[in-house]
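Colleague: In order, the protein sequence lines correspond to chains L and V. If you count the first sequence from 1, position 17 lands on 32 in the numbering used here, and the numbers rise without skipping. If you count the second sequence from 1, position 35 lands on 50 in the numbering used here, and the numbers rise without skipping.
2 protein chains.
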Amino acid sequence: MTDHPNTLDPTELGAYFALIEVSSLLRHTVEQQLREAGDLSYVQFQLLARLGDSPDGSYRMTDLADGVVYSRSGLTYQAQSLEQRGLVTRAPSPDDERSTTVTITEQGRDLLTKVFPGHIAVVHELLLEPLAQRDVAVLADVLGQVRDHMRSAPPRSAAPRRRKKG
Amino acid sequence: MTDHPNTLDPTELGAYFALIEVSSLLRHTVEQQLREAGDLSYVQFQLLARLGDSPDGSYRMTDLADGVVYSRSGLTYQAQSLEQRGLVTRAPSPDDERSTTVTITEQGRDLLTKVFPGHIAVVHELLLEPLAQRDVAVLADVLGQVRDHMRSAPPRSAAPRRRKKG
DNA sequence: CGTTGGTGCTTCGGATTCGAAGCAACTGGG
DNA sequence: CCCAGTTGCTTCGAATCCGAAGCACCAACG
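Below, the structure is given as structure tokens:
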């Protein structure tokens, strides 16, 4: 294990606490907006947005789970919910019968179009407005570094599944 | 309405997405560590930490809820859970019979001491390690600005109940 | 083909979360 | 004291979430 200090200095604590608080508040507010504008949870919105960005409007479940920080079972739950509302379709992949291909529907795109402006507005108002343009770039850069580092070094608990038989 | 653009440029999107992803991953990892080290949820840890920082080791429920971004009902749930485990005590406030004063116990402090090093380690490893010292300061500063702005201008829907006149 | 092990997703049980409604206590008139 | 309005917390019902276990399919090997 790397040698870590057992305390954080005030600046480090400040960065950590501010990150947690800002993201919590932002997420909370965004969630309310999405709920009001389109009766979507944040995760559902993220899934739709991701599908909408895809060239052919579809992804496998696994790809979606990797993109959104989310459990497989939770993803199944939300995908079913979206399917019931006609916002996505699900079908077994032709390549691999095990995997499910999720595809956004016209209706899904419409809803996305409907909720997007409000979503942008909230993000802009809460996160971007108080910052100078340069600070936005700095934020993107610094957090980008952190994200890349996190991705390249997945937490120790990313262990493979336990074997069924011993 | 303020005049908001209806799109975000790539830098803005980058800042937003990176923020969401970093905080999600960080929170997820921290949550696992706390669960393993002391069978605590993140919220429970935040509550204990806050109480531990208090001069007399106690706060009113409302103060705790304000500090942690959290619903009142969820706070009640977690406070009950902590009380059952003997990590805090709850008693009506002498000043105001309505309010409940939550106080951390010896046992609570012990648990805090036990889980803290691992918590620090995770934060350091995931968030701070990949950054230059200056970047940590910049992050703290920029996110601090955002937090202050959020606090000073709460979202329009932040009033579930009618507010007292000022 | 059949067996063995690995992968993708879902189901299941339980924990956590929220908002709304409810209860209790304080406050300011009459 | 009583009344109405406000505030602090809890209870309630429902939604959401996760990890573990399970099912179905694929790939490698003989």
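From the three backbone atoms N, C-alpha and C, an ideal C-beta is built for every residue, glycine too. Since the structure is predicted, the reported quantities are computational estimates derived from the model, not experimental observations.
Just the C-alpha distance for L/Leu79 and L/Phe32, rounded to the nearest angstrom, thanks.
Modeller: The sequence position of residue 79 of chain L within the first sequence is 64, counting from 1. The sequence position of residue 32 of chain L within the first sequence is 17, counting from 1. Cα to Cα, L/Leu79 sits roughly 29 Å from L/Phe32.
Colleague: Between the segment 49-63 of chain V and the segment 90-104 of chain V, can you find at least three pairs of beta-carbon atoms closer than 8 Å?
Modeller: Segments in contact, yes.
Colleague: Here's the rule: buried if 16 or more other CB atoms are within 10 angstroms of the residue's CB, otherwise exposed. What is V/Gln148?
Modeller: Stepping through the second sequence from its first residue, residue 148 of chain V is reached at position 133. Under this definition V/Gln148 is an exposed residue.
Colleague: Given that V/Glu31 touches chain L, what residues does it touch there, using C-beta distances under 7 Å?
Modeller: Walking along the second sequence from the start, residue 31 of chain V turns up at place 16. Note that residue 31 of chain V is Tyr in the sequence shown, not Glu. Neighbours of V/Tyr31 on chain L, chain order: Val138 and Leu142.
Colleague: Per DSSP, what kind of secondary structure is V/Val83 in: helix, strand or coil?
Modeller: Your numbering for residue 83 of chain V matches position 68 in the second sequence. In this structure, V/Val83 counts as coil in the three-state DSSP scheme.
Colleague: Three-state secondary structure (DSSP) at L/Pro70?
Modeller: Your numbering for residue 70 of chain L matches position 55 in the first sequence. Three-state DSSP puts L/Pro70 in coil, outside helix and strand.
Colleague: Please check if any C-beta of chain L sits within less than 8 Å of the C-beta of V/Gln93.
Modeller: Taking the second sequence and counting its residues from 1, one reaches residue 93 of chain V at position 78. Not one chain L Cβ lies under 8 Å of V/Gln93.
Colleague: If I follow the unbroken alpha helix (DSSP H) through V/Thr22, where does it start and stop?
Modeller: Taking the second sequence and counting its residues from 1, the one referred to as residue 22 of chain V is at position 7. Careful: V/Thr22 lies outside any alpha helix (DSSP H) and carries neither H nor E.
Colleague: Pairing CB atoms from the segment 119-127 of chain L with CB atoms from the segment 150-167 of chain L, are three or more of them under 8 Å?
Modeller: As far as the Cβ criterion goes, the segment 119-127 of chain L does not touch the segment 150-167 of chain L, which means the pair count is below three.
Colleague: For the beta strand (DSSP E) that contains V/Pro107, what are its first and last residues?
Modeller: As a position in the second sequence, residue 107 of chain V is number 92, starting the count at 1. Val103 to Pro107 is the span of the beta strand (DSSP E), which, as asked, contains V/Pro107.
Colleague: Work out the CA separation of V/Ser73 and V/Ile135 for me, nearest whole Å.
Modeller: Counted from its first residue, the second sequence places residue 135 of chain V at position 120. Counted from its first residue, the second sequence places residue 73 of chain V at position 58. Approximately 23 Å between the Cα atoms of the pair.
Colleague: Do you know whose CA, among V/Arg124, V/Val151, V/Leu40 and V/Asp111, lies nearest L/Pro25's CA?
Modeller: For the purposes of this step, residue 25 of chain L is identified with residue 10 of the first sequence, where counting begins at 1. Cα-wise, what sits closest to L/Pro25 is V/Val151.
Colleague: Which value, in whole angstroms, describes the spacing of the CA atoms of L/Thr77 and L/Gln59?
Modeller: Start at 1 with the first residue of the first sequence, and residue 77 of chain L comes out as number 62. Start at 1 with the first residue of the first sequence, and residue 59 of chain L comes out as number 44. If you take the alpha carbons of L/Thr77 and L/Gln59, they lie about 15 Å apart.
Colleague: Taking CB distances under 8 Å as the criterion, tell me whether V/Leu34 reaches chain L.
Modeller: Counting from 1 along the second sequence, the entry for residue 34 of chain V is found at position 19. Chain L contact via Cβ: present.
Colleague: Indicate the three-state DSSP secondary structure (helix, strand or coil) for L/Ala52 in the structure shown.
Modeller: Along the first sequence, read from residue 1 onward, the residue named residue 52 of chain L stands at position 37. Note: L/Ala52 maps to helix in three-state DSSP.
Colleague: Who does L/Ile119 pair with in a DSSP beta bridge?
Modeller: As a working note, residue 119 of chain L is residue 104 in the first sequence. Note: L/Ile119 sits in a beta bridge opposite L/Val103.
Colleague: Check distances from the C-beta atoms of the segment 44-55 of chain V to those of chain L and list, in chain order, the residues that come in under 8 Å.
Modeller: Within the segment 44-55 of chain V, the residues whose Cβ lies closer than 8 Å to some Cβ of chain L are Thr44 and Gln47, listed in chain order.
Colleague: Straight-line CA distance for L/Glu27 to V/Gln47?
Modeller: Sequence index remark: in the first sequence, residue 27 of chain L carries index 12 (1-based). Sequence index remark: in the second sequence, residue 47 of chain V carries index 32 (1-based). Near 21 Å, if we compare the C-alpha coordinates of V/Gln47 and L/Glu27.
Colleague: State buried or exposed for L/Ser38, treating a residue as buried only when at least 16 other CB atoms are found within 10 Å of its CB.
Modeller: The sequence position of residue 38 of chain L within the first sequence is 23, counting from 1. L/Ser38 comes out buried.
Colleague: Can you name the residues of chain L whose CB is closer than 8 Å to the CB of V/Thr128?
Modeller: As a working mapping, residue 128 of chain V is identified with position 113 in the second sequence. Neighbours of V/Thr128 on chain L: none; closest Cβ ~11 Å, over 8 Å.
Colleague: Just checking: is the beta-carbon of V/Ala152 within a distance shorter than 8 Å of some beta-carbon in chain L?
Modeller: Against the second sequence, residue 152 of chain V aligns to sequence position 137. So yes, V/Ala152 belongs to the interface.
Colleague: Find the nearest neighbour of L/Val84 within the set V/Ile35, V/Ala64, V/Val153 and V/Met165, judged by alpha-carbon distance.
Modeller: Taking the first residue of the first sequence as 1, we reach residue 84 of chain L at position 69. The option with the nearest alpha carbon to L/Val84 is V/Ile35.
Colleague: How many Å lie between V/Gly82 and L/Leu143 at the Cα?
Modeller: Here residue 82 of chain V refers to the residue found at position 67 when the second sequence is read from its first residue. Here residue 143 of chain L refers to the residue found at position 128 when the first sequence is read from its first residue. Approximately 23 Å, taken between the alpha carbons.
Colleague: Taking Cβ to Cβ, would you say V/Gly67 is nearer than 8 Å to V/Leu23?
Modeller: Mapped onto the second sequence, residue 67 of chain V falls at position 52. Mapped onto the second sequence, residue 23 of chain V falls at position 8. Result no, Cβ atoms of V/Gly67 and V/Leu23 do not sit closer than 8 Å.
Colleague: What does the Cβ neighbour count give for V/Gly89, buried or exposed, with the cut at 16 atoms within 10 Å?
Modeller: For the purposes of this step, residue 89 of chain V is taken as the residue at position 74 of the second sequence. Under this definition V/Gly89 is an exposed residue.
Colleague: Report buried or exposed for L/Ala30, applying the criterion of at least 16 other Cβ atoms within 10 angstroms of its Cβ.
Modeller: In the first sequence, counting from the first residue as 1, residue 30 of chain L sits at position 15. Buried.
Colleague: List the residues of chain V whose Cβ lies closer than 7 Å to the Cβ of L/Arg87, in chain order.
Modeller: Translated into the one-based positions of the first sequence, residue 87 of chain L becomes position 72. Per Cβ cutoff of 7 Å: no residues; L/Arg87 is ~14 Å from chain V at best.
Colleague: Using three-state DSSP, classify L/Arg113 as helix, strand or coil.
Modeller: Within the first sequence, numbered from 1, the residue matching residue 113 of chain L stands at position 98. Coil at L/Arg113, not helix or strand.
Colleague: Under 9 Å, CB to CB, which of the residues in the segment 98-130 of chain V have a partner in chain L?
Modeller: Residues passing the 9 Å Cβ filter: none.
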